[in-house]
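*Asks:*
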Amino acid sequence: MISRPLRLAAQGAAALTVAAGSFGVAHLDKAVALSVDGTSSSLHVFGSTVGDALDKKGIELGEHDEVTPSLGTPIEDGDKISVRYGRKLTVTVDGVAKEYWTTATTVDAALRDLGIRAGANATLSASRSQPIGRQGLSLTVTTPKAFTVTLAKKTTTYATSATTVGEALNEARVAVDRDDIVAPGRDALLTRGLAIAVTKVDVKAAARSEAVAFGTVTKRDASLYEGQKKVLTAGKPGARTLNLRLTYLDGVLKGTKVLSSKVTRQPVSQVVAVGTKEKPAPAPSSTTTTTRDAGNTSGAGINLANAAMWDRIAQCESGGNWSINTGNGYYGGLQFDIRTWLGAGGGDFASRADLASRAEQITVANRVYADRGLQPWGCAHAA
1 MISRPLRLAA QGAAALTVAA GSFGVAHLDK AVALSVDGTS SSLHVFGSTV
51 GDALDKKGIE LGEHDEVTPS LGTPIEDGDK ISVRYGRKLT VTVDGVAKEY
101 WTTATTVDAA LRDLGIRAGA NATLSASRSQ PIGRQGLSLT VTTPKAFTVT
151 LAKKTTTYAT SATTVGEALN EARVAVDRDD IVAPGRDALL TRGLAIAVTK
201 VDVKAAARSE AVAFGTVTKR DASLYEGQKK VLTAGKPGAR TLNLRLTYLD
251 GVLKGTKVLS SKVTRQPVSQ VVAVGTKEKP APAPSSTTTT TRDAGNTSGA
301 GINLANAAMW DRIAQCESGG NWSINTGNGY YGGLQFDIRT WLGAGGGDFA
351 SRADLASRAE QITVANRVYA DRGLQPWGCA HAA
């Protein structure tokens with residue numbers, strides 16, 4: 001049987017042990033305040049460092065995350081721990097992209113922390129107050145830029161936050177359709193001071209009629225002397241209609257393309273008899289007269305009056321090239337069109353002026369001159 005004094009002593013020792021243990025537990029348990037990205041909570045920790053506290057909370061930190069104080073810092077009851085997670089921010093400023101890491105939780109705070117200039121006039125793809133989640137964010141910043149547009153020889157200065165040339169023209173309300181030429185291209189990046197040139201392109205349809213030259217068929221004729229010619233069937237020019245596409249740059253015609261050609265009237269070939277009969281030998285007493293007469297016959301009505309004048313006009317009209325054919329509808333040294341050539345009897349010699357000799361062209365020119373003077377020739381002043 002235990003005596004009363006001994007029992008009381010044992011009970012006192014046990015009570016002392018319990019009290020000491022309670023004091024030790026209370027001493028190891030620390031209450032700390034934890035803030036994670038601005039969200040606060042309280043935490044009781046038996047560990048001794050900041051890292052122990054985060055381990056208990058299950059918080060793992062990456063290389064871009066921040067904790068204050070550092071992980072190895074001893075903690076005391078009532079301490080405050082702050083954790084800020086890193087966020088990847090991709091910022092494209094005026095078309096130039098760059099990646100950043102930030103612990104800011106809003107767009108505005110991130111721009112301030114990173115020192116990215118995005119003034120009040122800048123255009124952002126997201127609100128400045130938009131939160132940035134841990135997954136990060138892609139942000140486009142466009143700053144105002146001055147640029148010039150030259151249109152119809154007039155240059156105007158504009159300012160815009162657009163990114164490309166096409167967007168800038170649209171914001172400046174410069175009317176440009178898809179046929180117009182824009183330099184640099186519409187997808188080009190808009191930079192400060194960029195000079196943009198716009199060329200208005202107008203495409204129009206047109207129809208034009210033109211003569212179709214007739215061909216010449218020659219037939220040997222034994223009833224005519226050698227060198228003599230006789231028109232058996234007069235040639236007649238045909239006609240055709242051309243459908244054209246005309247391209248104008250700033251109102252000036254710069255291109256003509258034939259889309260289709262349709263002959264509306266077939267030309268009639270000219271049939272010419274060419275003599276094959278050998279000329280008789282002239283009598284000795286009349287050689288000179290016979291030769292002159294034969295020459296007049298073979299000339300088929302050649303008229304070389306005003307020849308020097310026509311040479312000067314031809315030099316101006318065609319550079320003196322009597323067989324020129326550039327395809328512009330005017331032919332020969334004196335640049336006859338087919339209608340004038342045939343109307344003045346040029347068909348006696350050839351279907352077009354460029355196919356006739358100089359003498360034959362001058363002969364036809366004298367016929368026109370007798371009827372209309374020099375009015376048909378643009379180079380009349382050269383006479």
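Using the UniProt record's numbering, you'd call the opening residue of the sequence shown number 1 and step up by one each time.
Glycine residues also receive a C-beta, built at the ideal position from the N, C-alpha and C atoms.
#1: Hey, would you say V217 sits closer than 8 Å to V198, going by beta carbons?
#2: Rounded to whole angstroms, what is the Cα-Cα separation between T362 and G275?
#3: Let me know the alpha helix (DSSP H) ranges lying completely inside the segment 43 to 106, each 4 residues or longer, listed in chain order.
#4: Using three-state DSSP, classify I362 as helix, strand or coil.
#5: Okay, do the segment 240 to 249 and the segment 199 to 215 touch, 3+ Cβ pairs below 8 Å being the bar?
#6: Alpha carbons only, please: which of R367, T49, A195, R84 is nearest the one belonging to H64?
#7: Around the C-beta of E360, are 16 or more other C-beta atoms found within 10 angstroms, so that it is buried, or is it exposed?
#8: Is the Cβ-Cβ distance between T247 and V201 less than 8 Å?
#9: Applying the 10 Å Cβ sphere with the 16-neighbour rule, what's the burial state of N366?
#10: So, for D79: in the same chain, excluding its five sequence neighbours on each side, which residues have a beta-carbon less than 6 Å away from its beta-carbon?
#11: Taking one C-beta from the segment 92 to 99 and one from the segment 35 to 48 each time, how about it: are there three or more such pairs within less than 8 Å?
#12: In the DSSP assignment, what are the bridge partners of V271?
#13: Can you tell me the Cα-Cα spacing of L374 and A314, whole angstroms?
#14: Under three-state DSSP, which class holds R173?
#15: Please report the straight-line C-alpha distance between T340 and R178, rounded to a whole angstrom.
#16: Compute the Euclidean distance between the alpha carbons of I338 and D221, then round it to the nearest angstrom.
#17: Could you check if V263 is buried or exposed, using at least 16 other CB atoms within 10 Å of its CB as the buried criterion?
#18: How would you label E317, buried or exposed, when you count the other beta carbons within 10 angstroms and need 16 or more for buried?
#19: Can you say whether G21 is buried or exposed, counting buried as having 16 or more other CB atoms within 10 angstroms of its CB?
#20: Name the one or two DSSP bridge partners that D202 has.
#21: Given a threshold of 16 other Cβ atoms within 10 Å of its Cβ, counted over all protein chains shown, does L232 qualify as buried or as exposed?
#22: Identify the residues that DSSP records as bridge partners of T191: which are they?
*Replies:* Well, looking at it:
#1: No, they are not a contact pair.
#2: First, the amino acid is wrong: residue 362 is Ile here, not Thr. One C-alpha to the other measures close to 24 Å.
#3: Counting only runs of 4 or more, we get 50 to 57.
#4: Note: I362 maps to helix in three-state DSSP.
#5: Touching, per the Cβ criterion.
#6: In terms of Cα proximity to H64, the closest of R367, T49, A195, R84 is R84.
#7: It counts as buried.
#8: The Cβ atoms of T247 and V201 sit closer than 8 Å to each other.
#9: Under this definition N366 is a buried residue.
#10: Correct list, in chain order: V32.
#11: Touching, no.
#12: V217, T233.
#13: The straight-line gap from Cα to Cα measures roughly 13 Å.
#14: Here R173 sits in coil by DSSP.
#15: Looking at the two C-alpha atoms, the distance is approximately 44 Å.
#16: The straight-line gap from Cα to Cα measures roughly 28 Å.
#17: It counts as exposed.
#18: The residue in question, E317, is buried, as its Cβ has 16 or more Cβ neighbours within 10 Å.
#19: Reliability fails at G21, whose pLDDT of 42 lies under 50, so the model's placement of it is uncertain and the value that follows must be treated cautiously. Residue environment analysis places G21 among the exposed positions, since fewer than 16 neighbouring C-beta atoms fall within 10 angstroms of its C-beta.
#20: DSSP, once it has assigned bridges, lists Y248 as partnering D202.
#21: Note on L232: under 16 other CB atoms within 10 angstroms of its CB, so exposed under the neighbour-count rule.
#22: T191 is bridged by DSSP to nothing; it lacks a bridge partner.
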